Amino acid sequence: SSDLTFFILTLTARLTVSPRSSQFFKGDFVSLSCEEDDSSAGWTLRRNTSKGQRTQCGDIWGEGAGSSCNIGMMMLHDSGVYWCESREGPISNMVNLTVTGKLSGSVILQSPVLPVMEGDDVTLLCKTKTTPSNLPAAFYKDGSLIRKQPTGHMTIQHVSRSDEGLYKCDISGHGESPSSWITVTGDTLSCLCFFCVLVLLVLLVLLVRRCVHRKPEGETQMTAND
(Lines of atoms letter the chains of each structure in order from A; the text may use other names.)
(Lines give C-alpha, C1' and ligand atoms only; values in the text may rest on other atoms or scores of the structure.)
Protein backbone atom coordinates (compact mmCIF):
# COMPACT_ATOMS: atom_id res chain seq x y z
CA SER A 1 0.00 0.00 0.00
CA SER A 2 1.01 3.63 -0.37
CA ASP A 3 1.29 4.12 3.41
CA LEU A 4 3.82 1.31 3.76
CA THR A 5 5.75 2.48 0.69
CA PHE A 6 6.03 6.00 2.14
CA PHE A 7 7.26 4.61 5.46
CA ILE A 8 9.95 2.39 3.96
CA LEU A 9 11.21 5.01 1.48
CA THR A 10 11.59 7.48 4.32
CA LEU A 11 14.03 5.11 6.02
CA THR A 12 15.99 3.70 3.07
CA ALA A 13 17.52 6.82 1.49
CA ARG A 14 20.72 8.28 2.91
CA LEU A 15 22.69 11.35 1.89
CA THR A 16 26.46 10.88 1.94
CA VAL A 17 29.15 13.53 1.56
CA SER A 18 32.67 13.17 0.17
CA PRO A 19 35.09 14.20 1.62
CA ARG A 20 33.43 13.05 4.86
CA SER A 21 33.10 16.41 6.55
CA SER A 22 30.45 19.03 7.22
CA GLN A 23 32.92 21.93 7.03
CA PHE A 24 34.79 23.05 3.91
CA PHE A 25 37.07 25.80 2.69
CA LYS A 26 36.01 28.13 -0.08
CA GLY A 27 37.07 26.51 -3.37
CA ASP A 28 36.88 22.89 -2.14
CA PHE A 29 35.36 20.13 -4.30
CA VAL A 30 32.42 18.27 -2.74
CA SER A 31 30.49 15.26 -3.98
CA LEU A 32 27.00 14.47 -2.63
CA SER A 33 25.20 11.18 -3.22
CA CYS A 34 21.77 9.73 -2.44
CA GLU A 35 22.28 6.10 -1.45
CA GLU A 36 18.99 4.24 -1.80
CA ASP A 37 17.66 0.69 -1.90
CA ASP A 38 15.01 1.63 -4.46
CA SER A 39 16.57 3.43 -7.42
CA SER A 40 13.15 3.71 -9.07
CA ALA A 41 12.10 6.22 -6.41
CA GLY A 42 13.86 8.95 -8.39
CA TRP A 43 15.87 10.65 -5.66
CA THR A 44 16.89 14.27 -6.23
CA LEU A 45 19.37 16.37 -4.24
CA ARG A 46 17.96 19.57 -2.80
CA ARG A 47 19.22 22.27 -0.48
CA ASN A 48 18.11 25.29 1.52
CA THR A 49 20.90 27.85 1.83
CA SER A 50 21.46 30.88 4.04
CA LYS A 51 19.74 32.91 1.32
CA GLY A 52 16.56 30.95 1.92
CA GLN A 53 16.60 29.42 -1.55
CA ARG A 54 15.17 25.89 -1.79
CA THR A 55 16.55 24.52 -5.05
CA GLN A 56 17.68 21.22 -6.52
CA CYS A 57 21.05 20.20 -7.92
CA GLY A 58 21.55 21.41 -11.47
CA ASP A 59 19.29 24.46 -11.22
CA ILE A 60 21.74 27.16 -10.18
CA TRP A 61 24.28 25.03 -8.34
CA GLY A 62 26.11 21.75 -8.78
CA GLU A 63 26.36 19.28 -11.62
CA GLY A 64 23.95 16.38 -11.31
CA ALA A 65 24.49 12.80 -12.45
CA GLY A 66 21.61 10.50 -11.51
CA SER A 67 21.23 10.55 -7.74
CA SER A 68 24.63 12.25 -7.25
CA CYS A 69 25.70 15.88 -7.38
CA ASN A 70 29.15 17.46 -7.60
CA ILE A 71 30.00 21.00 -6.51
CA GLY A 72 33.26 21.93 -8.23
CA MET A 73 34.12 24.93 -6.06
CA MET A 74 32.32 25.52 -2.77
CA MET A 75 31.43 29.17 -2.18
CA LEU A 76 30.13 30.99 0.89
CA HIS A 77 26.57 30.90 -0.44
CA ASP A 78 26.77 27.09 -0.64
CA SER A 79 26.49 26.89 3.15
CA GLY A 80 23.15 25.37 4.08
CA VAL A 81 21.07 22.24 4.63
CA TYR A 82 21.18 19.45 2.03
CA TRP A 83 18.92 16.40 1.62
CA CYS A 84 17.60 13.82 -0.86
CA GLU A 85 13.96 13.85 -1.92
CA SER A 86 12.00 11.32 -3.99
CA ARG A 87 9.20 11.84 -6.48
CA GLU A 88 6.80 10.33 -3.94
CA GLY A 89 7.72 12.90 -1.31
CA PRO A 90 9.82 11.14 1.40
CA ILE A 91 13.18 12.67 2.25
CA SER A 92 16.49 11.39 3.59
CA ASN A 93 18.59 12.56 6.50
CA MET A 94 19.53 16.24 6.37
CA VAL A 95 23.15 17.41 6.39
CA ASN A 96 24.28 20.91 7.34
CA LEU A 97 27.34 22.04 5.33
CA THR A 98 29.39 25.10 6.29
CA VAL A 99 31.84 26.93 4.00
CA THR A 100 34.63 29.03 5.51
CA GLY A 101 35.63 31.86 3.22
CA LYS A 102 38.91 33.40 4.39
CA LEU A 103 41.68 32.92 1.86
CA SER A 104 44.29 32.42 4.60
CA GLY A 105 44.25 31.72 8.29
CA SER A 106 40.83 30.06 8.30
CA VAL A 107 40.26 26.89 10.31
CA ILE A 108 37.82 24.02 9.85
CA LEU A 109 37.00 20.92 11.89
CA GLN A 110 36.69 17.66 9.96
CA SER A 111 34.22 15.45 11.79
CA PRO A 112 31.72 12.70 10.87
CA VAL A 113 28.78 13.94 8.81
CA LEU A 114 26.54 10.94 9.51
CA PRO A 115 25.66 9.57 12.96
CA VAL A 116 28.35 7.34 14.49
CA MET A 117 27.66 4.04 16.23
CA GLU A 118 28.20 3.53 19.94
CA GLY A 119 31.53 1.80 20.53
CA ASP A 120 33.20 3.15 17.39
CA ASP A 121 36.33 5.31 17.41
CA VAL A 122 35.90 8.84 16.03
CA THR A 123 38.77 11.03 14.83
CA LEU A 124 38.48 14.82 14.63
CA LEU A 125 40.91 16.82 12.51
CA CYS A 126 41.58 20.54 12.94
CA LYS A 127 43.15 22.06 9.84
CA THR A 128 43.94 25.31 8.07
CA LYS A 129 43.82 25.96 4.33
CA THR A 130 47.35 27.16 3.69
CA THR A 131 49.51 25.55 6.40
CA PRO A 132 50.31 21.93 7.36
CA SER A 133 47.36 20.05 8.85
CA ASN A 134 49.37 18.79 11.83
CA LEU A 135 49.56 22.05 13.80
CA PRO A 136 48.81 21.92 17.55
CA ALA A 137 45.10 22.41 18.21
CA ALA A 138 42.66 22.70 21.09
CA PHE A 139 39.35 20.82 20.90
CA TYR A 140 36.10 21.87 22.56
CA LYS A 141 32.77 20.17 23.24
CA ASP A 142 29.70 22.26 24.07
CA GLY A 143 31.97 25.25 24.71
CA SER A 144 34.30 23.50 27.18
CA LEU A 145 37.91 22.54 26.47
CA ILE A 146 38.37 18.78 26.09
CA ARG A 147 42.09 18.59 25.42
CA LYS A 148 44.98 20.09 23.48
CA GLN A 149 46.66 17.92 20.87
CA PRO A 150 50.17 18.54 19.45
CA THR A 151 49.36 17.13 15.99
CA GLY A 152 45.98 18.70 15.22
CA HIS A 153 43.86 15.57 15.48
CA MET A 154 42.00 13.93 18.34
CA THR A 155 40.51 10.43 18.58
CA ILE A 156 37.55 9.67 20.81
CA GLN A 157 37.73 5.95 21.56
CA HIS A 158 34.61 3.82 22.00
CA VAL A 159 32.14 6.70 21.75
CA SER A 160 28.99 6.65 23.87
CA ARG A 161 25.85 8.76 24.02
CA SER A 162 27.62 11.14 26.40
CA ASP A 163 30.03 12.06 23.59
CA GLU A 164 27.20 13.48 21.50
CA GLY A 165 27.37 17.27 21.25
CA LEU A 166 28.67 20.39 19.54
CA TYR A 167 32.39 20.31 18.69
CA LYS A 168 34.86 22.94 17.49
CA CYS A 169 38.62 23.47 17.46
CA ASP A 170 41.16 26.27 17.68
CA ILE A 171 44.65 26.68 16.24
CA SER A 172 46.69 29.38 17.93
CA GLY A 173 47.47 32.23 15.56
CA HIS A 174 45.04 30.97 12.91
CA GLY A 175 41.64 31.11 14.53
CA GLU A 176 38.67 29.00 15.54
CA SER A 177 36.60 26.64 13.43
CA PRO A 178 32.79 26.73 13.12
CA SER A 179 30.93 24.26 15.35
CA SER A 180 29.65 20.88 14.16
CA TRP A 181 27.19 18.55 15.86
CA ILE A 182 28.18 14.89 16.31
CA THR A 183 25.34 12.39 16.72
CA VAL A 184 25.83 9.00 18.41
CA THR A 185 23.35 6.18 17.74
CA GLY A 186 22.80 2.67 19.13
CA ASP A 187 24.45 -0.45 17.74
CA THR A 188 23.45 -1.89 14.36
CA LEU A 189 21.49 -4.82 15.79
CA SER A 190 19.37 -2.53 17.96
CA CYS A 191 18.64 -0.26 15.00
CA LEU A 192 17.69 -3.28 12.85
CA CYS A 193 15.35 -4.62 15.53
CA PHE A 194 13.77 -1.19 15.92
CA PHE A 195 13.22 -0.97 12.16
CA CYS A 196 11.64 -4.45 12.05
CA VAL A 197 9.27 -3.59 14.89
CA LEU A 198 8.20 -0.40 13.12
CA VAL A 199 7.56 -2.27 9.86
CA LEU A 200 5.50 -4.92 11.69
CA LEU A 201 3.46 -2.23 13.42
CA VAL A 202 2.73 -0.53 10.10
CA LEU A 203 1.71 -3.86 8.54
CA LEU A 204 -0.57 -4.56 11.51
CA VAL A 205 -2.24 -1.17 11.22
CA LEU A 206 -2.79 -1.64 7.48
CA LEU A 207 -4.24 -5.12 8.05
CA VAL A 208 -6.65 -3.86 10.71
CA ARG A 209 -7.75 -0.99 8.46
CA ARG A 210 -8.41 -3.40 5.61
CA CYS A 211 -10.45 -5.72 7.84
CA VAL A 212 -12.50 -2.84 9.24
CA HIS A 213 -13.32 -1.39 5.84
CA ARG A 214 -14.11 -4.76 4.23
CA LYS A 215 -17.85 -5.43 4.30
CA PRO A 216 -18.84 -8.99 5.33
CA GLU A 217 -19.94 -11.12 2.36
CA GLY A 218 -23.14 -12.28 4.06
CA GLU A 219 -24.16 -8.72 4.86
CA THR A 220 -23.57 -7.72 1.24
CA GLN A 221 -25.86 -10.51 -0.03
CA MET A 222 -28.62 -9.62 2.45
CA THR A 223 -28.49 -6.00 1.34
CA ALA A 224 -28.79 -7.06 -2.29
CA ASN A 225 -31.82 -9.30 -1.54
CA ASP A 226 -33.61 -6.48 0.30
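The opening residue of the sequence shown carries number 1 in UniProt numbering; numbering runs sequentially from there. Backbone N, C-alpha and C fix where the C-beta goes; we use that ideal spot for every residue, glycine too. For clarity, every value in this text was computed on a predicted model and none was experimentally measured.
With respect to Ser22, Cys69 sits apart: the two C-beta atoms are not nearer than 9 Å. With respect to Glu36, Arg14 sits close: the two C-beta atoms are nearer than 9 Å. Shortest Cα-Cα distance from Ile182 to any of Val116, Ser50 and Val17 involves Val116. In summary, Ala137 is buried, with 16 or more beta-carbon neighbours lying within 10 Å of its beta-carbon over all protein chains present. If you check the CB distance, Val99 and Asn48 do not come in under 9 Å. DSSP links Met154 through a beta bridge to Leu124. No Cβ-Cβ contact shorter than 9 Å links Met75 with Lys129. For Thr98, the uninterrupted beta strand (DSSP E) segment begins and ends at Val95 to Thr100. For Lys141, DSSP records a beta bridge to Ser144 and Tyr167.
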